[in-house]
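Residues 54 to 557 in our numbering are what the sequence shown lists, from first letter to last. Note that the Cβ used here is the ideal one computed from N, Cα and C, for glycine as well. The structure presented is a predicted model; accordingly, all values stated were derived computationally and were not measured. Take a look at the structure below.
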Amino acid sequence: MKILNASQIRELDAYTIRNEPVSYLDLMERAARKCYDWIRRQMKKKQAVKIFCGMGNNGGDGLVIGRLLAGAGYHVSIFKLCHTDHPSENFAANEKRLEGMVNAKLAEIHEEGDLPVLSEDDLVVDAILGSGLTRPLEGLLAGAVQYINGSGAAVVAIDFPTGLFCEDNRNNDPKRIIHADYTLSFQLPKLAFMFSSNEKYLGSWYLIDIGLHPHAVKQAETKYHYLQASDIRSLYRPRRKFAHKGHFGHAYLMAGSYGKAGAAVLAAGSAIRSGAGLLTVQIPRCGYEVLQASVPEAMCVPDEHPHIISGVGDLEGFNAVGVGPGIGTHEQTARALKVLIQNTTVPMVLDADALNILADNLTWCGFLPKGSVFTPHPGEFDRLAGKTTDDHDRLEKAIELAHRFQVHIILKGAHTVVVSPDGRCFFNSTGNPGMATGGSGDVLKGMVLGWLAQNYSPLHSCLMAVYLHGKAGDLARARKGDEGLIATDIIADLPAAIKSTMRQ
């Protein structure tokens, strides 16, 4: 699914109007009716609805929603914020349609003193400005937003919270942005939805299909995408009847140190559950018995050192190499990583302490084999790329770093994003807060390694691992809840995640 900017969304509207064909007024009616249906399913009939409308097309959506709710017997009050002398044509047409409706009261707001009394029991509909804003709010609109935020009422934002910018909010004023509890986004997500810093403005967001022309959506160009199950199914290669383990690759994993053998166990388990035909794990001697007992399907190469990774074994015959979980940053381990990079010709997956070592030795990145993958959490990424100010800044630096070193970067978060060397960004739609637990990243790393070993491309390996990691986490959450979910639960649900995704 594509993530488009405000200008592109306007172009989709225009194309749909020309080629469906449909009038803008009827398209607005269609979009507003979908929002009306959603609101009716969520709210109590006795709850007072107070709709705040700007005088543009977003306000027109609010007028339609108000008319429909009033027609269904809800107690509706509509407040027209008079911030301009020139309402849009569609706003004016829908304002006229309200004339004579008994249950829908329309009042004009010319200054902040005209704003109505709001209570915590009210449902406020934000239909003030929508997604096209490019500078912080001022005057009446800023005052109305601050007033609504201070009311304690539940807020539903239509298409986009008023005051929020569609993409980059670094120069925005956080005090002048609606704090919605729910956001009903038309057709497609916006880039701002992907950043944790905007959660307090968006609340829970939902996509409302308003029937924009599919050809226009298909033709729109963007580097931002939102991963769906259909994207992953299109990449999957079913196994043939006469396949054997040699067809699915041999992965090499370098992981663990004294006290952190669990990281190796988690990464190894998820690599095998993702379908790698064979897996060999290099682990310090202290972790040998732990790994053999926990993941009997894996072959084990004990390092000469009892507590850390200190050298590199024979790399002949492997299809992908993973390094990082639990290895620590000991000087001998750092030297071993350097040798590993210099002697590896197949794609590598680098995570955790491998990235922390690289952060102090960035020149080594120039020797990484083609198709390598970084899987940092935000702290690890900041050590690699330098301190970032917010999520948008971190994304820009990830795009720059991926291009500079020609690697794929999986930047972990609520909407984990895969950044490719050509600048494309794929945000994940699966996963949940219960996955914020130790070892979850080790599981993801092992999954990337498992798909790489099967000769999926680096990009496709990242996309499949990220989506299915989150899907398995969602299945685990349904059984265990947020607090009870642990990393081994994600591995346990990987087979079900793969099966359900590929057969939908």
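I'd like to check one pair, residue j with residue i: are the Cβ atoms closer than 7 angstroms?
{"i": "residue 253", "j": "residue 175", "result": "no"}
{"i": "residue 421", "j": "residue 407", "result": "no"}
{"i": "residue 514", "j": "residue 505", "result": "yes"}
{"i": "residue 286", "j": "residue 555", "result": "yes"}
{"i": "residue 81", "j": "residue 124", "result": "no"}
{"i": "residue 162", "j": "residue 198", "result": "no"}
{"i": "residue 105", "j": "residue 132", "result": "yes"}
{"i": "residue 500", "j": "residue 327", "result": "yes"}
{"i": "residue 441", "j": "residue 265", "result": "no"}
{"i": "residue 410", "j": "residue 490", "result": "no"}
{"i": "residue 381", "j": "residue 310", "result": "yes"}
{"i": "residue 134", "j": "residue 190", "result": "no"}
{"i": "residue 397", "j": "residue 374", "result": "yes"}
{"i": "residue 279", "j": "residue 478", "result": "no"}
{"i": "residue 321", "j": "residue 348", "result": "yes"}
{"i": "residue 275", "j": "residue 454", "result": "no"}
{"i": "residue 467", "j": "residue 249", "result": "yes"}
{"i": "residue 141", "j": "residue 110", "result": "yes"}
{"i": "residue 99", "j": "residue 130", "result": "no"}
{"i": "residue 316", "j": "residue 344", "result": "no"}
{"i": "residue 288", "j": "residue 91", "result": "no"}
{"i": "residue 448", "j": "residue 412", "result": "no"}
{"i": "residue 428", "j": "residue 463", "result": "yes"}
{"i": "residue 180", "j": "residue 78", "result": "no"}
{"i": "residue 544", "j": "residue 323", "result": "yes"}
{"i": "residue 430", "j": "residue 221", "result": "no"}
{"i": "residue 229", "j": "residue 273", "result": "no"}
{"i": "residue 330", "j": "residue 294", "result": "no"}
Look at the alpha carbon of residue i and the alpha carbon of residue j, and state the distance between them as a whole number of angstroms.
{"i": "residue 201", "j": "residue 245", "result": "21 angstroms"}
{"i": "residue 117", "j": "residue 85", "result": "6 angstroms"}
{"i": "residue 399", "j": "residue 338", "result": "26 angstroms"}
{"i": "residue 465", "j": "residue 423", "result": "22 angstroms"}
{"i": "residue 87", "j": "residue 296", "result": "48 angstroms"}
{"i": "residue 356", "j": "residue 483", "result": "37 angstroms"}
{"i": "residue 559", "j": "residue 209", "result": "Residue 559 falls outside the range modelled here, since the chain spans only 54 to 557, and no answer is possible."}
{"i": "residue 150", "j": "residue 121", "result": "11 angstroms"}
{"i": "residue 488", "j": "residue 127", "result": "40 angstroms"}
{"i": "residue 169", "j": "residue 510", "result": "58 angstroms"}
{"i": "residue 325", "j": "residue 101", "result": "55 angstroms"}
{"i": "residue 206", "j": "residue 443", "result": "29 angstroms"}
{"i": "residue 215", "j": "residue 521", "result": "34 angstroms"}
{"i": "residue 148", "j": "residue 93", "result": "22 angstroms"}
{"i": "residue 496", "j": "residue 336", "result": "17 angstroms"}
{"i": "residue 418", "j": "residue 268", "result": "41 angstroms"}
{"i": "residue 19", "j": "residue 226", "result": "Past the edges of the chain, shown from 54 to 557, lies residue 19, and the structure says nothing about it."}
{"i": "residue 416", "j": "residue 60", "result": "40 angstroms"}
{"i": "residue 474", "j": "residue 456", "result": "4 angstroms"}
{"i": "residue 283", "j": "residue 480", "result": "14 angstroms"}
{"i": "residue 542", "j": "residue 386", "result": "30 angstroms"}
{"i": "residue 303", "j": "residue 371", "result": "5 angstroms"}
{"i": "residue 97", "j": "residue 233", "result": "18 angstroms"}
{"i": "residue 361", "j": "residue 334", "result": "13 angstroms"}
{"i": "residue 204", "j": "residue 433", "result": "40 angstroms"}
{"i": "residue 534", "j": "residue 95", "result": "23 angstroms"}
{"i": "residue 358", "j": "residue 536", "result": "37 angstroms"}
{"i": "residue 594", "j": "residue 350", "result": "Lying outside 54 to 557, the shown extent of the chain, residue 594 is not represented and no answer is given."}
{"i": "residue 235", "j": "residue 71", "result": "31 angstroms"}
{"i": "residue 384", "j": "residue 507", "result": "33 angstroms"}
Contact check, residue i vs residue j under 8 angstroms by CB: the rounded distance?
{"i": "residue 485", "j": "residue 530", "result": "5 angstroms"}
{"i": "residue 519", "j": "residue 471", "result": "6 angstroms"}
{"i": "residue 498", "j": "residue 402", "result": "6 angstroms"}
{"i": "residue 332", "j": "residue 352", "result": "7 angstroms"}
{"i": "residue 263", "j": "residue 240", "result": "5 angstroms"}
{"i": "residue 218", "j": "residue 183", "result": "Actually they do not touch by this definition, with Cβ atoms about 12 angstroms apart."}
{"i": "residue 242", "j": "residue 260", "result": "7 angstroms"}
{"i": "residue 270", "j": "residue 65", "result": "6 angstroms"}
{"i": "residue 528", "j": "residue 550", "result": "6 angstroms"}
{"i": "residue 139", "j": "residue 107", "result": "Not really, about 12 angstroms apart at Cβ, beyond 8 angstroms."}
{"i": "residue 177", "j": "residue 171", "result": "7 angstroms"}
Would a check of beta-carbon distances place residue i closer than 7 angstroms to chain B?
{"i": "residue 324", "result": "Among the protein chains of the structure shown there is no chain B, as only one such chain exists."}
Next on the checklist: Going residue by residue through the segment 160–235, where are the continuous alpha helix (DSSP H) segments of at least 4 residues, counting only ones entirely within it?
Outcome noted: Scanning the segment 160–235 for uninterrupted alpha helix (DSSP H) segments of 4 residues or longer gives 192–202, listed from N- to C-terminal end.
Item to check | 3-residue-minimum beta strand (DSSP E) runs that sit fully inside the segment 454–503, ordered along the chain | outcome: The qualifying runs are 461–464, 470–472 and 478–480.
Item to check | Complete runs of the beta strand (DSSP E) confined to the segment 413–441 [at least 3 residues] | outcome: Qualifying beta strand (DSSP E) stretches: none in this window.
Checklist entry - Residue ranges of each alpha helix (DSSP H) run of no fewer than 4 residues wholly in the segment 299–357, ordered along the chain? => result Taking only runs of at least 4 residues, the alpha helix (DSSP H) segments lying wholly in the segment 299–357 are 314–326 and 341–347.
Item to check | Every unbroken alpha helix (DSSP H) inside the segment 363–417 [4 residues or more] | outcome: List check, alpha helix (DSSP H) in window: 384–396 and 405–412.
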